[in-house]
Amino acid sequence: ELAKTILAIGSEKCILSTDFGQDFHPMPAEGMRMGIATMLRSGMEEVEVGMLVKDNPSRLMGT
Numbered sequence: 845e846l847a848k849t850i851l852a853i854g855s856e857k858c859i860l861s862t863d864f865g866q867d868f869h870p871m872p873a874e875g876m877r878m879g880i881a882t883m884l885r886s887g888m889e890e891v892e893v894g895m896l897v898k899d900n901p902s903r904l905m906g907t
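If you read the sequence shown in the working numbering, its first letter stands for residue 845, the second for the next number, and so on.
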């Protein structure tokens, strides 16, 4: 469902992040890996996922 929503909005307009790190959740890096894997299994292309986790956050931060 999330992947479909992101694709409808446009990958260039979205960011994928995590709020993991609490004792009852995986560590943040593992949570991000899980999110990326879910997006890829949902049919998103690697370039689209790259926008979500690398390109768009970098652009938002002005780098």
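No residue lacks a Cβ here, since even glycine has one placed at the ideal position from N, Cα and C.
For clarity, every value in this text was computed on a predicted model and none was experimentally measured.
Check	Outcome
Buried or exposed for residue 847, please, with buried defined as at least 16 other CB atoms from any protein chain shown within 10 angstroms of its CB.	buried
Should residue 892 be labelled buried (16 or more other beta-carbon atoms within 10 Å of its own) or exposed?	buried
Quick check on this structure: which residue in 852, 845, 899, 860 has the alpha carbon closest to the alpha carbon of residue 879?	860
Which value, in whole angstroms, describes the spacing of the CA atoms of residue 853 and residue 903?	17 Å
Hey, out of 866, 857, 886, whose CA is closest to residue 899's CA?	857
Leaving out the 5 sequence neighbours to the left and right, which residues in its chain are closer than 7 Å to residue 895 when beta-carbon positions are compared?	855, 856
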